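Participant: Counting in the numbering used here, the final residue of the sequence shown is number 200, and the numbers go up one at a time with none missing.
Backbone N, C-alpha and C fix where the C-beta goes; we use that ideal spot for every residue, glycine too.
Being a predicted model, the structure only gives us computed values, none of them experimental.
Before I ask anything, here is the structure I am working with.
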Amino acid sequence: APATTAPPSSTTSESPTTTISDRCVRVNDFEEPNWFIVNDGVMGGRSDASGVIDSSRLKWSGTIVTVGGGFSSIRTLVDGSLTGATELELRIRTDGRAYELLADDDPSTRVTHYNPIRAVGGDWEVVVVPLTGMESRVFGNLVTSEPFDPDRATQIGVILADGIDGEFTFEIDWIDACA
Numbered sequence: 022a023p024a025t026t027a028p029p030s031s032t033t034s035e036s037p038t039t040t041i042s043d044r045c046v047r048v049n050d051f052e053e054p055n056w057f058i059v060n061d062g063v064m065g066g067r068s069d070a071s072g073v074i075d076s077s078r079l080k081w082s083g084t085i086v087t088v089g090g091g092f093s094s095i096r097t098l099v100d101g102s103l104t105g106a107t108e109l110e111l112r113i114r115t116d117g118r119a120y121e122l123l124a125d126d127d128p129s130t131r132v133t134h135y136n137p138i139r140a141v142g143g144d145w146e147v148v149v150v151p152l153t154g155m156e157s158r159v160f161g162n163l164v165t166s167e168p169f170d171p172d173r174a175t176q177i178g179v180i181l182a183d184g185i186d187g188e189f190t191f192e193i194d195w196i197d198a199c200a
């Protein structure tokens with residue numbers, strides 16, 4: 022189900038490609054409900070999640086059930102907003118579980134690229150996730166492929182597939198693409 026939105030309470034309204042610094046561009050500030058969820062139901066699993074945008078922040082939460090799948094993800098399409106980027110900076114608040122950034126760059130393949138999101142959990146924090154050295158997988162299985170190409174990025178997101186049953190919560194305030 023798509024993430025839903027409430028009227029923004031932020032006093033600033035930035036476009037999806039607002040320049041933040043001489044090396045970073047804001048690619049998502051959650052002013053638009055353009056995120057969607059992919060759960061393990063696509064393969065018969067029973068995990069469940071929802072995404073809600075409120076006060077220009079995305080809150081993604083749900084329950085992972087490892088029998089029959091064991092994952093949930095939330096994703097958005099990107100259209101040239103990662104061109105030239107070498108890393109993403111995210112302001113997030115998590116429950117401390119092992120989340121990963123996912124990124125796609127070629128819709129003609131089923132290859133998705135992953136890097137861990139190294140967060141402490143509990144409080145709001147800014148984390149940096151490199152767009153280099155990403156692990157390539159098809160349906161969770163490691164494959165050999167070309168490295169992720171930010172200039173051709175079609176989709177980014179966050180996935181939880183840590184092999185642990187139970188509830189989760191992951192919040193995002195903003196995402197910047199940085200060179």
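Per DSSP, what kind of secondary structure is Asp-144 in: helix, strand or coil?
Facilitator: Correct three-state label for Asp-144: coil.
Participant: Among the residues of its own chain, which have a CB less than 7 Å from the CB of Glu-192, if the five just before and after it don't count?
Facilitator: Hits under 7 Å: Arg-78, Leu-79, Lys-80, Ile-113 and Arg-114.
Participant: Three or more C-beta pairs under 8 Å: does that hold for the region 166-179 against the region 117-131?
Facilitator: As far as the Cβ criterion goes, the region 166-179 touches the region 117-131, which means the pair count is three or higher.
Participant: Ignoring anything shorter than 3 residues, give me the beta strand (DSSP E) runs that lie fully in the region 51-83, in order along the chain.
Facilitator: Counting whole runs of 3 or more residues, the region 51-83 contains the beta strand (DSSP E) stretches 56-60 and 69-75.
Participant: Put Asp-194 into one of helix, strand or coil per three-state DSSP.
Facilitator: Reduced to three states, the DSSP call for Asp-194 is strand.
Participant: Would you call the CB atoms of Asn-90 and Arg-118 closer than 9 Å?
Facilitator: This sequence places Gly at residue 90; Asn is not what is there. Their beta carbons are not under 9 Å apart, which means Gly-90 does not touch Arg-118 by this criterion.
Participant: Three-state secondary structure (DSSP) at Arg-139?
Facilitator: Note: Arg-139 maps to coil in three-state DSSP.
Participant: What do you get for Ile-185, buried or exposed, if any count of 16 or more other CB atoms within 10 angstroms of its CB means buried?
Facilitator: Exposed, by the Cβ-count rule.
Participant: Comparing alpha-carbon positions, which option in Val-88, Phe-169 and Ile-95 lies nearest Leu-181?
Facilitator: Ranking the options by Cα distance to Leu-181, first place goes to Ile-95.
Participant: With DSSP collapsed to three states, give me the class of Asp-125.
Facilitator: Here Asp-125 sits in strand by DSSP.
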